[in-house]
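Notes follow the structure.
2 protein chains.
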Amino acid sequence: MGSTSKPRVIIVGGGFGGLTAAQALKDAPVDVTVLDRSNHHLFQPLLYQVAMAGLSPADIAAPIRSIVGSQQNTRVLLTSVDGVDLDHRLVHTSDGPMPYDFLILAAGARTSYFGHDDTWGPHALGLKSLDDAVEIRRRVLMAFEAAEKEPDAARREALLTFVVIGGGPTGVELAGGLCELSRFVLDRDFQAIRGGHARVLLVEAGDRVLPSMDPALSKNATAELRRLGVEVRTGARVTNLDETGVWLGTNKVSSATIMWAAGVRASPLAEKLGVPLDRGGRVMVEKDCSLPGHPEVFCIGDMANHSHQTGQPLPGVSPVAMQQARYVARLVETAPQGEVRPAFEYVDKGSMATIGRSAAVVEMGKLRLTGLTAWVAWLAVHIWYLIGFKNRMVVMLTWAWSYLTYKRGARLITGGLKEIPAMAVQRKPGAKAASADATAAPPA
Amino acid sequence: MGSTSKPRVIIVGGGFGGLTAAQALKDAPVDVTVLDRSNHHLFQPLLYQVAMAGLSPADIAAPIRSIVGSQQNTRVLLTSVDGVDLDHRLVHTSDGPMPYDFLILAAGARTSYFGHDDTWGPHALGLKSLDDAVEIRRRVLMAFEAAEKEPDAARREALLTFVVIGGGPTGVELAGGLCELSRFVLDRDFQAIRGGHARVLLVEAGDRVLPSMDPALSKNATAELRRLGVEVRTGARVTNLDETGVWLGTNKVSSATIMWAAGVRASPLAEKLGVPLDRGGRVMVEKDCSLPGHPEVFCIGDMANHSHQTGQPLPGVSPVAMQQARYVARLVETAPQGEVRPAFEYVDKGSMATIGRSAAVVEMGKLRLTGLTAWVAWLAVHIWYLIGFKNRMVVMLTWAWSYLTYKRGARLITGGLKEIPAMAVQRKPGAKAASADATAAPPA
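Going line by line, the protein sequences match chains Y and C.
In the numbering used here, each residue's number is its place in the first sequence (first place is 1) plus 133.
In the numbering used here, each residue's number is its place in the second sequence (first place is 1) plus 133.
Structural data, given as structure tokens:
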């Protein structure tokens with residue numbers, strides 16, 4: 134299988150950037166190695182659907198091996214990358230050092246709590262991995278289960294209050310999904326609690342949700358969210374949070390379930406490179422996505438700050454990562470080191486966010502869509518880009534079924550009967566215990 | 134919603150027995166409460182499919198609330214049952230005591246290691262819950278991932294050796310599934326390791342696999358397993374096991390992944406009742422499935438030993454639990470306490486086990502089926518009994534897809550990059566580290 138003189142390309146990360154780069158190098162005369170800590174590629178845009186029990190983890194993830202494992206020149210290793218020795222061209226992994234001729238860093242971003250990682254992190258659930266999504270699902274479902282048997286009214290209210298921090302697409306999708314899960318699905322199943330009680334707050338520090346989109350679309354999204362029952366709080370700053378709730382300025386909202394969609398930071402790997410970073414921990418890359426002084430090392434996607442086009446960093450969305458991946462792969466394949474390279478240029482094809490099961494907002498160039506039309510467009514794009522034909526079929530079927538019946542098949546609590554935070558379910562001594570006698574509930 | 138004078142029926146357990154009992158009481162003038170530690174009902178017969186990455190957890194599980202939550206007289210509580218006060222007719226739960234007029238105990242069984250729970254339990258993976266299945270899936274996939282980068286031949290062999298202990302239906306299904314997963318799926322994805330290397334051992338202490346079935350079917354099953362590549366070891370006693378492997382008599386088989394399908398024991402709740410138990414910890418019930426001296430308390434399914442029909446305990450299969458549940462529900466609904474009750478009689482409709490993706494053995498009365506015919510019968514029965522229409526459709530689709538392509542969509546490792554046991558992946562100092570250079574592998 135080829136001679137040892139082929140250039141060795143190491144790709145760190147199996148997300149949209151890393152896998153697109155590997156695929157683009159499929160027929161190139163190079164040896165490709167993809168490194169990832171996780172064995173699966175994740176279709177991030179639908180992660181909130183797993184968190185809201187609409188889809189199963191396997192519906193939105195595919196083993197990296199099944200995507201690029203059959204490429205003759207590509208190898209996949211499950212390992213964690215500890216650092217890079219730029220001078221000696223070595224990647225340090227938990228399985229030892231690996232030499233490279235070209236390196237493509239595409240390790241993405243993590244949830245970041247603006248310097249409050251240690252104190253806020255444990256209480257405000259992020260949404261970046263399948264495990265995150267399953268944990269949010271577990272916590273939300275457990276909150277309803279705990280509320281069902283909670284005799285104390287104040288505690289029950291805290292259990293049925295859900296706070297989503299951050300009004301970007303993820304926050305909007307989570308808040309909308311929560312309201313629907315609560316109103317259409319859980320209300321049918323529970324006896325003691327009913328939907329009117331569940332509260333969903335969407336907290337945004339800026340003056341509107343979806344700040345990266347057209348103001349008219351923000352307005353439409355806010356109206357749709359309110360129609361679903363979401364309390365939208367713009368211009369609200371989170372000053373503190375713990376296991377009992379969130380402080381907005383000096384006001385406290387008691388809540389057992391807080392979700393964080395307010396910020397990310399580049400992979401910690403960026404800090405270990407010894408190159409200039411921006412405030413979000415992203416690598417300040419050259420026009421050709423390479424590291425300053427290292428034309429053989431590229432950094433793409435959420436991990437990179439490429440701001441040569443407009444002076445602003447490109448947005449942290451998958452089209453940026455995928456376009457950069459194809460651009461970088463072309464450089465690796467064709468351009469000998471040192472030659473003058475054309476600058477990378479991002480072609481913005483638009484952005485979209487969905488709000489519940491029949492509304493969305495779409496912005497493509499001058500085109501603005503809202504409501505059902507936007508939702509159908511959103512659906513088509515997301516099903517189309519789901520990797521793997523089987524997943525597309527299963528997701529379509531699952532959505533069709535859930536659209537018709539509002540049932541949610543993925544509504545499983547796994548991971549055993551771990552409790553949700555102590556405060557929310559702890560009972561005051563002497564408080565009435567749950568009774569098997571359903572008629573003991575206060576008369577209606 | 135009804136007067137307080139309606140009899141309170143508590144059902145412990147949301148398995149086949151408990152849910153069938155709740156459903157049979159749907160229109161009865163009673164208040165039903167179903168207690169379970171888990172929020173979902175599990176279709177146990179397909180659990181091995183989740184362990185072998187053929188199906189997703191959500192495909193074979195449905196929230197208990199979605200099954201009986203809409204029954205007017207039924208309440209579902211997620212709680213753990215700590216004990217029963219038979220004299221005062223109270224169930225003690227982690228949410229306090231609950232009074233009952235009738236109690237139906239259907240808490241099932243757990244994996245049991247014949248008195249070696251502490252020493253063998255941590256190293257031999259059982260298969261009773263969704264979490265068990267996901268853990269087996271994770272461990273099997275991680276073993277292949279670790280083998281892919283393991284330079285030491287002996288360690289690689291241990292990583293690619295899988296031992297299944299117990300030759301009943303679960304063991305046969307696991308061993309067959311493992312061979313197929315290894316030969317048809319994983320072999321395509323991995324570069325350094327190839328299918329010839331993976332070994333699957335099925336260890337049975339008795340003289341044949343499927344000991345509860347007709348000897349001719351055992352013979353057929355053994356032949357089918359061997360055709361798939363399973364090493365069938367009958368008459369082999371496990372004398373010890375740890376994280377490095379299994380001892381069969383004095384012979385050691387080095388293996389990083391040991392699965393246990395050799396025995397179960399009734400739920401520990403049985404021991405807390407203070408009534409006579411059999412050696413398997415099961416409650417010795419009366420002819421009417423009630424506890425001795427407690428006609429208002431019933432025990433059904435895997436937790437009960439009902440041996441009045443043949444002198445032998447009824448088998449631990451779902452039809453027994455479901456028939457007992459319907460029988461007991463009729464008693465609760467119609468027979469006032471103290472009246473003479475007809476004895477429960479089990480109607481055996483047969484048993485079946487599947488071996489890989491196109492063979493099975495079926496025994497129904499005098500009928501014996503093998504091969505593809507039996508497999509189609511197995512498929513039809515299992516899809517038919519899957520609770521929830523959507524699941525049936527998704528499972529059929531998933532199976533059809535996987536039958537045609539051998540791809541397995543559920544092949545996800547979740548739960549982070551936890552390592553498999555230290556021995557198996559620990560590298561001797563100085564051993565060669567994995568290299569990004571694929572051509573460094575020994576020449577073929």
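Glycine included, each C-beta is placed from N, C-alpha and C at the ideal position.
Remember, predicted model here, so these are calculated numbers, not experimental data.
At a beta-carbon threshold of 8 Å, none of the residues of chain Y lie near E429/C; the nearest stands roughly 14 Å away.
The beta carbon of S423/C sits closer than 7 Å to those of V430, F431, all from its chain and outside the five residues before and after it, given in chain order.
Here the alpha carbon of I298/Y sits roughly 28 Å from the alpha carbon of H173/Y. At least 8 Å separates the beta-carbon of V453/C from that of P425/C.
Taking C-beta atoms as the reference points, A399/C and D375/C fail to come closer than 8 Å. Relative to P162/Y, the option among V142/Y, A507/Y, R170/Y, G396/Y whose CA is nearest is V142/Y. G151/C sits in a helix when the DSSP states are folded into three classes. Interface residue (Cβ-Cβ distance to chain C less than 8 Å): P401/Y is not classified as such.
For E313/C, the enclosing alpha helix (DSSP H) has its first and last residue at 302-313. Approximately 19 Å separates the beta-carbon atoms of T153/C and R474/C; this is outside 8 Å, ruling out the contact. At least 8 Å separates the CB of K420/C from every CB of chain Y. Only those residues of the segment 162-181 of chain Y whose C-beta falls short of 8 Å from the nearest C-beta of chain C are listed: D164, T166, R170, S171, N172, H173.
Residue pairing for P230/C: DSSP places it in a beta bridge opposite H225/C.
Between the C-alpha atoms of A257/Y and D340/C there is a straight-line separation of about 56 Å. Residues of the same chain with a CB within less than 6 Å of the CB of E337/C, apart from the 5 flanking positions on each side, are G300, T367 in chain order. By the neighbour-count criterion, in which 16 or more other beta carbons inside 10 Å mark a residue as buried, Q205/C falls on the exposed side.
When rounded, the separation of the alpha-carbon atoms in D169/Y and D192/Y is 20 Å.
The beta-carbon separation of I237/C and I433/C, rounded to 7 Å, stays under the 8 Å limit for a contact.
One finds N172, L211 in chain Y with Cβ atoms closer than 7 Å to the Cβ of E278/C, taken in chain order. Listed in chain order, the positions of the segment 300-316 of chain C with a beta carbon within less than 9 Å of a beta carbon of chain Y would be empty, since no residue qualifies. M392/Y places its beta carbon 8 Å or farther from that of F149/Y.
The beta carbon of L179/Y sits closer than 7 Å to the beta carbons of L188, I193, H515 from its chain, once the five residues preceding and following it are set aside; these are given in chain order. For a cut-off of 8 Å, the C-beta gap from G489/Y to E364/Y is around 15 Å, too long to register as a contact.
Closer than 8 Å to the CB of R490/C there is not a single CB belonging to chain Y.
Within the DSSP bridge table, the entry for V297/Y names L335/Y, M392/Y as partners. M485/C and E496/C have their C-alpha atoms roughly 6 Å apart. R208/Y is bridged by DSSP to T166/Y. The criterion of a C-beta distance shorter than 8 Å is satisfied by T166/C and L210/C. Taking R359/C as the centre and dropping the five residues before and after it, the same chain places the C-beta of V365 closer than 8 Å to its C-beta, in chain order. Only residues of its own chain outside the window of five on either side were considered, and among them V418, L447 have a CB closer than 6 Å to the CB of H439/Y, listed in chain order. Taken atom to atom, the span from the alpha-carbon of Y479/C to that of A394/C is near 25 Å. Along the segment 471-503 of chain Y, the beta strand (DSSP E) occurs as fully enclosed runs of 3 or more residues at 484-488, 492-497, 500-503, listed in sequence order. Taking CB atoms only, D322/Y has a neighbour in chain C less than 8 Å away. Selection A242/Y, A240/Y, T244/Y, V217/Y evaluated against P230/Y yields V217/Y as nearest (Cα-Cα).
Annotation for K261/C: R243, T244 place their beta carbon closer than 7 Å to its own, counting only its chain and skipping 5 residues before and after. Among the CB atoms of chain C, none fall inside 8 Å of the CB of P140/Y.
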